[in-house]
Every structure is written in structure tokens, then in C-alpha cells.
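Chemist: Chains A and B supply the protein sequences, listed in that same order. Each residue of the first sequence is one higher than the last, beginning at 10 in our numbering. Each residue of the second sequence is one higher than the last, beginning at 441 in our numbering. The beta-carbon is built from N, C-alpha and C at its ideal position, and this holds for glycine as well. Dropping the structure in here first, questions after.
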Amino acid sequence: DAEITQSPRHKITETGRQVTLACHQTWNHNNMFWYRQDLGHGLRLIHYSYGVQDTNKGEVSDGYSVSRSNTEDLPLTLESAASSQTSVYFCASSLGGVGNEQFFGPGTRLTVL
Amino acid sequence: AQSVTQLDSQVPVFEEAPVELRCNYSSSVSVYLFWYVQYPNQGLQLLLKYLSGSTLVKGINGFEAEFNKSQTSFHLRKPSVHISDTAEYFCAVSVYSSASKIIFGSGTRLSIRP
Chain A
10 DAEITQSPRH KITETGRQVT LACHQTWNHN NMFWYRQDLG HGLRLIHYSY GVQDTNKGEV
70 SDGYSVSRSN TEDLPLTLES AASSQTSVYF CASSLGGVGN EQFFGPGTRL TVL
Chain B
441 AQSVTQLDSQ VPVFEEAPVE LRCNYSSSVS VYLFWYVQYP NQGLQLLLKY LSGSTLVKGI
501 NGFEAEFNKS QTSFHLRKPS VHISDTAEYF CAVSVYSSAS KIIFGSGTRL SIRP
């Protein structure tokens with residue numbers, strides 16, 4: 010069965026370190042998204058990609074970067090982790106076109122000390 | 441710009457009682473509407489969506505939602521809830537011009553009391 014996976018599921022790091030969260034999907038979807046989930050804010054879009062070599066900034070992109078070298082993967086990098094980036098991170102993917110649902114991974118809980 | 445407002449952050453109900461989770465959106469253009477559910481320690485999964493046609497949309501697990509264009513609402517309902525419905529529910533909207541992006545509300549936590 011097709012799926013979307015995230016690794017690691019839990020991560021503790023220190024302020025200032027670079028961290029990369031992995032996202033891998035086997036749906037063969039063109040679109041991939043990264044969100045962060047914080048209490049009271051719902052899900053906020055960090056970065057998204059509509060295909061290989063395409064990346065776009067979302068509403069909370071400062072301090073994060075992504076790259077899309079193939080269809081299956083969209084890794085999220087925190088260049089210099091800050092305590093404000095402690096959150097739960099979700100990756101999602103969808104088909105291109107209109108009205109298509111997004112399929113979500115299980116999430117990564119990141120703690121920055 | 442589009443936005444989604446979920447009017448209740450928490451909704452406690454008794455088992456087998458009906459429930460309505462409220463959602464209003466703001467957009468100057470036509471939209472698609474979604475409800476997602478997040479069970480504890482899991483990712484989100486789609487409950488139902490409205491694209492066009494009948495304004496009453498039926499989803500999984502006995503949930504349904506009604507699109508009301510004049511009131512810009514998309515409230516989620518279930519006639520009789522079960523303990524297993526305990527979860528967080530997110531209303532979301534996407535617009536025709538940027539249909540792959542979805543904007544989420546802040547979520548409503550549904551807690552079921554036995």
C-alpha cells in the first residue's frame with residue numbers, strides 16, 4: 010500500500026544545531042507540504058513543492074529550508090534550531106489539480122533545548 | 441486572503457448525543473472545503489470534502505457537513521457520537537486559483553463523556 014513516512018518520529022536537539030527531518034511518500038504525488046502544529050494555531054504551512062526542483066515558501070518559512078531532488082522525498086532542514094521551533098511537524102502529499110485531499114504522515118515531535 | 445475560523449476550541453459531549461462542530465470561512469472567491477480528523481498521536485485524515493453540487497456532504501464514520509454559501513459556513517455534524525470519535529477536528533479551505541494549498545482552522549477538540 011502507498012504511504013507517507015516521516016523520520017525520526019521524535020528528536021531532541023540543542024539551540025543552534027542544524028536538524029533535518031525526512032519525509033518520504035510512495036503515492037507518486039507531485040505535491041508535497043510541510044506544516045507545523047502548535048496549540049491554538051492549528052497547522053501552519055512552512056514550505057511546499059509542486060514537483061521536482063520546485064519549492065515555495067509558506068506562511069512560517071523563516072529558519073526553514075527544503076529541497077526536492079526527486080518525487081518521493083521532501084526533507085525539511087532547520088538551519089540553526091531555535092526554541093521557538095519546538096513543535097510537531099507534519100509532512101503531507103497530494104495529487105496535482107483541484108480539490109484533491111492531502112495525505113499526512115504520522116508527524117515528528119521536535120524539541121529544541 | 442482566505443481564512444478559516446473554528447468557533448469552539450473544545451466541545452465536550454456525552455456518548456450517543458448529537459454534536460455540531462462549527463466552521464466559518466472567509467474568501468472572496470469560490471472555495472473547496474474539507475474536514476479532517478486527527479486521532480491522538482496520529483497525522484490527519486480526511487473526513488469529508490465539498491467540491492461542488494449537493495451542499496450536504498456525507499463522510500466517513502457517520503459524519504456529515506453542510507455547505508452554506510450565504511453564511512460562509514461548513515459545520516460538521518453527527519447524530520450520535522461514540523467514545524471512538526474523541527479526536528481533534530480541523531476545518532480547511534482551498535481556493536480554485538491555488539487549489540493544492542489548504543488553509544487549516546485552529547482545530548476543535550471533541551471529548552466524549554461516557
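Closer than 8 Å is the cut-off here; do at least three beta carbon pairs connect the stretch 53-62 of chain A with the stretch 80-98 of chain A?
Modeler: As far as the Cβ criterion goes, the stretch 53-62 of chain A touches the stretch 80-98 of chain A, which means the pair count is three or higher.
Chemist: Using a C-beta cutoff of 8 Å, does H50(A) count as contacting chain B?
Modeler: It does: the Cβ of H50(A) has a partner Cβ on chain B nearer than 8 Å.
Chemist: Look up I542(B) in the DSSP assignment and say whether it is helix, strand or coil.
Modeler: Note: I542(B) maps to coil in three-state DSSP.
Chemist: According to DSSP, which residues form a beta bridge with R77(A)?
Modeler: Per DSSP, none; premise fails for R77(A).
Chemist: Quick one: grab the DSSP three-state call for D10(A).
Modeler: DSSP places D10(A) in coil when its eight states are reduced to three.
Chemist: Compute the Euclidean distance between the alpha carbons of G67(A) and L516(B), then round it to the nearest angstrom.
Modeler: In a straight line, the C-alpha of G67(A) is about 27 Å away from that of L516(B).
Chemist: Check whether the Cβ of F503(B) lies closer than 8 Å to any Cβ atom in chain C.
Modeler: The structure shown has no chain C; the protein chains it does contain are A and B.
Chemist: What residues in its chain sit with their C-beta under 6 Å from that of S443(B), if we drop five residues either side in the sequence?
Modeler: For S443(B), where only same-chain residues beyond five positions count, the Cβ hits under 6 Å are S466.
Chemist: Taking 8 Å as the CB-CB limit, is V107(A) close to chain B?
Modeler: With 8 Å as the cut-off, V107(A) counts as an interface residue toward chain B.
Chemist: Leaving out five residues on either side along the sequence, give the residues of the same chain with a beta carbon under 6 Å from the beta carbon of L484(B).
Modeler: The residues are Y476 and Q478.
Chemist: Nearest by alpha-carbon distance to G116(A): which of G25(A), Y44(A), R26(A) and Q27(A) is it?
Modeler: When only C-alpha atoms are compared, the closest one is Y44(A).
Chemist: Would you grab the beta carbon distance between R549(B) and E455(B) for me? Rounded to a whole angstrom, and I think it's under 8 Å.
Modeler: Contact flag wrong, Cβ pair sits at about 16 Å.
Chemist: Could you tell me the boundaries of the beta strand (DSSP E) in which R118(A) lies?
Modeler: It spans T117 to V121 - the beta strand (DSSP E) in which R118(A) sits, taken as one unbroken run.
Chemist: Taking Cβ to Cβ, would you say Q46(A) is nearer than 8 Å to G72(A)?
Modeler: Cβ distance not < 8 Å, so Q46(A) and G72(A) don't count as in contact.
Chemist: Answer yes or no: do Y472(B) and L491(B) have a C-beta to C-beta separation smaller than 8 Å?
Modeler: Yes, Cβ-Cβ distance for Y472(B) and L491(B) is below 8 Å.
Chemist: Hey, does P115(A) have any beta-carbon neighbour from chain B nearer than 8 Å?
Modeler: Yes, contact with chain B.
Chemist: Of all Cβ atoms in chain A, is any one closer than 8 Å to the Cβ of G545(B)?
Modeler: Yes, its Cβ sits closer than 8 Å to a Cβ of chain A.
Chemist: To the nearest angstrom, report how far apart Q34(A) and G499(B) are at their CA atoms.
Modeler: Distance between the alpha carbons of Q34(A) and G499(B) is about 25 Å.
Chemist: Out of C100(A), L122(A) and L104(A), which has the shortest C-alpha to C-alpha gap to F113(A)?
Modeler: Checking every option, the nearest Cα to that of F113(A) belongs to C100(A).
Chemist: State the DSSP-derived secondary structure class of G60(A), mapped to helix, strand or coil.
Modeler: Looking at G60(A) - three-state DSSP - the assignment turns out to be strand.
Chemist: Who are the Cβ neighbours of S70(A) in its own chain at under 7 Å, not counting the five residues just before and after it?
Modeler: I55 and H56.
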